[in-house]
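Below you'll find the structure, written out as structure tokens, and then a few comments.
In UniProt numbering, the protein residues as written are 1 to 305.
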């Protein structure tokens with residue numbers, strides 16, 4: 001039996017040669033030879049069909065392998081993309097976490113710095129206010145002491161002729177003083193009554209010195225200010241403004257321009273004879289908790305005029 005590797009080329013050529021020679025001789029091929037030829041043709045067709053089938057199967061297997069390879073490549077690419085996406089998400093989450101922690105730390109630092117600044121400013125304002133008020137009280141005491149000081153008396157020697165008119169005048173003055181004292185005593189006796197004696201209980205409070213009064217008492221007694229002494233151009237006005245500018249410069253942190261504006265505003269209000277309560281409401285937006293002691297010391301100076 002012939003192997004399935006394909007028709008024998010040599011046998012085929014020999015058969016073809018015999019057929020050609022038979023035709024040239026006018027001979028017809030025998031029946032056996034015809035059968036052999038048909039069989040070889042069928043075998044050749046079967047071999048060609050088998051070969052085509054093998055080629056189709058090989059192509060199908062190659063396409064299948066290519067499809068599997070592509071699917072594997074796609075799966076690998078999807079897994080790589082997912083891994084890269086997850087890695088990017090983790091990196092972004094870490095960055096957001098770090099940024100959030102950095103902002104929280106910066107916010108805590110700002111809050112702490114603001115708290116320290118407020119605390120330092122409060123201590124500075126308290127020290128400045130205490131120093132200003134102590135200086136103001138020291139200046140007032142100095143003014144009172146200087147007012148009480150008198151020039152030393154120089155003794156004058158008089159002779160007898162100079163003393164005679166003075167002695168006579170002294171006698172007449174003593175008589176006049178005695179008569180004046182009697183007149184005052186009679187007036188006091190006429191005016192003495194229960195109704196007149198009632199207000200005497202409040203007299204000590206009304207006669208208190210401004211330096212002995214608390215801040216609330218000074219503000220309540222602001223109606224006793226002698227506004228006539230604060231007329232435009234008076235020395236008391238200039239001294240009050242200078243004191244206010246000095247005090248306000250320390251209270252507003254050394255800003256002289258702002259202190260000058262507040263002092264000018266305050267002097268304009270004083271020219272309107274404003275009360276201490278009204279002045280307190282006017283300057284409270286500028287000085288906060290320092291407004292009340294400042295206004296109290298201001299009117300303490302005005303009451304001492």
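Glycine included, every Cβ here is placed at the ideal spot set by N, Cα and C.
It should be emphasised that the depicted structure is a prediction, and the values quoted were computed from it without experimental measurement.
Close beta carbons around residue 240, own chain, < 8 Å, minus the five adjacent residues each side: Sequence index remark: in the chain shown, residue 240 carries index 240 (1-based). Excluding positions up to five away in sequence, the list reads 230, 267, 270, 298, 301, 302.
CB of residue 265 within 9 Å of CB of residue 281, strictly: Along the chain shown, one-based indexing puts residue 265 at 265. Along the chain shown, one-based indexing puts residue 281 at 281. No. Outside cutoff.
Contacts around residue 325, its chain only, beta-carbon distance under 7 Å, and the 5 residues preceding and following it disregarded: Only positions 1 to 305 of the chain appear in this structure, which leaves residue 325 out of reach.
Beta-carbon proximity check, residue 15 vs residue 33, cutoff 9 Å: Position 15 of the chain shown, counting from 1, holds the residue named residue 15. Position 33 of the chain shown, counting from 1, holds the residue named residue 33. A contact, by the Cβ cut-off of 9 Å.
Simplified DSSP assignment, three categories, for residue 271: Residue numbering aside, residue 271 sits at position 271 when the chain shown is read from its first letter. Residue 271 falls in the helix class under three-state DSSP.
Contacts around residue 287, its chain only, beta-carbon distance under 7 Å, and the 5 residues preceding and following it disregarded: Residue mapping note: residue 287 aligns to position 287 of the chain shown, counting from 1. Here the set comprises 251, 294.
Residue 276 beta carbon less than 9 Å from that of residue 296: Taking the chain shown and counting its residues from 1, one reaches residue 296 at position 296. Taking the chain shown and counting its residues from 1, one reaches residue 276 at position 276. Yes, these two residues count as a Cβ contact at 9 Å.
Cα-Cα separation, residue 261 to residue 247: For the purposes of this step, residue 261 is taken as residue 261 along the chain shown, with counting starting at 1. For the purposes of this step, residue 247 is taken as residue 247 along the chain shown, with counting starting at 1. Cα-Cα distance, rounded: 13 Å.
C-beta atoms of residue 227 and residue 273 nearer than 9 Å: As a first step, residue 227 is located in the chain shown; it is residue number 227 there, counting from the start. As a first step, residue 273 is located in the chain shown; it is residue number 273 there, counting from the start. Contact flag set, yes.
Every unbroken beta strand (DSSP E) within the UniProt domain "PWI" (241-303), with a cutoff of 3 residues, ordered by chain: none
Residue 91 classed as buried or exposed, judged by whether at least 16 other C-beta atoms fall within 10 angstroms: Here residue 91 corresponds to residue number 91 of the chain shown, with the count starting at 1. That one is exposed.
Three-state class that DSSP yields for residue 13 in the structure shown: To locate residue 13, count along the chain shown from 1; it is residue 13. DSSP places residue 13 in helix when its eight states are reduced to three.
Between the CA atoms of residue 141 and residue 232 - distance to the nearest angstrom: Within the chain shown, the letter at position 232 stands for residue 232. Within the chain shown, the letter at position 141 stands for residue 141. Residue 232 and residue 141: Cα-Cα distance of roughly 26 Å.
Cβ distance (whole Å) where residue 238 is taken to contact residue 249 below 8 Å: As a first step, residue 238 must be located in the chain shown, where it is residue number 238. As a first step, residue 249 must be located in the chain shown, where it is residue number 249. At roughly 17 Å, the Cβ-Cβ gap does not stay under 8 Å, so residue 238 and residue 249 are not in contact.
Terminal residues of the alpha helix (DSSP H) in which residue 316 lies: Not covered by the structure: residue 316. The range shown for the chain is 1 to 305.
Residue 223 beta carbon less than 9 Å from that of residue 124: Reading the chain shown from its first residue, position 124 is the one you call residue 124. Reading the chain shown from its first residue, position 223 is the one you call residue 223. Cβ atoms of residue 124 and residue 223: not closer than 9 Å.
Contact under 9 Å by Cβ, residue 221 with residue 245: As a working mapping, residue 221 is identified with position 221 in the chain shown. As a working mapping, residue 245 is identified with position 245 in the chain shown. Not in contact: residue 221 and residue 245 (Cβ atoms no closer than 9 Å).
Per-residue DSSP class, three states only, for residue 153: In the chain shown, counting from the first residue as 1, residue 153 sits at position 153. Reliability of the predicted coordinates at residue 153 is poor, the pLDDT of 46 falling under 50, and the value obtained from them is presented with this limitation in mind. In the structure shown, residue 153 sits in coil (DSSP, three-state: anything other than H, G, I, E or B).
Within 9 Å, strictly: CB atoms of residue 37 and residue 25: By one-based count along the chain shown, residue 37 stands at place 37. By one-based count along the chain shown, residue 25 stands at place 25. No, these two residues do not count as a Cβ contact at 9 Å.
CA-to-CA distance, residue 106 to residue 235, given in whole angstroms: By one-based count along the chain shown, residue 235 stands at place 235. By one-based count along the chain shown, residue 106 stands at place 106. About 54 Å.
Per-residue burial, residue 120 [other beta carbons within 10 Å of its own, 16 or more giving buried]: As a first step, residue 120 is located in the chain shown; it is residue number 120 there, counting from the start. Exposed, by the Cβ-count rule.
Beta-carbon proximity list for residue 17, same chain, < 6 Å, skipping 5 on both sides: Position 17 of the chain shown, counting from 1, holds the residue named residue 17. So the list is empty, once near-sequence residues are dropped.
Separation of residue 94 from residue 100, as counted between CA atoms: Position 100 of the chain shown, counted from the start, is the residue given in the question as residue 100. Position 94 of the chain shown, counted from the start, is the residue given in the question as residue 94. Residue 100 and residue 94: Cα-Cα distance of roughly 10 Å.
Length of the line joining the Cα atoms of residue 77 and residue 63: By 1-based counting over the chain shown, the position of residue 77 is 77. By 1-based counting over the chain shown, the position of residue 63 is 63. Answer to the nearest angstrom: the Cα atoms are 20 Å apart.
Close-in-space but distant-in-sequence residues of the same chain around residue 215 (CB under 7 Å, 5 per side omitted): Against the chain shown, residue 215 aligns to sequence position 215. Cβ neighbours of residue 215 beyond the five flanking positions: 292, 293, 296.
Collapsed DSSP secondary structure at residue 111 in the structure displayed: The sequence position of residue 111 within the chain shown is 111, counting from 1. In this structure, residue 111 counts as helix in the three-state DSSP scheme.
Three-way DSSP call (helix, strand, coil) for residue 20 in this model: Residue mapping note: residue 20 aligns to position 20 of the chain shown, counting from 1. DSSP places residue 20 in helix when its eight states are reduced to three.
Same chain, Cβ closer than 6 Å to residue 13, neighbours up to 5 away in sequence not counted: Start at 1 with the first residue of the chain shown, and residue 13 comes out as number 13. None.
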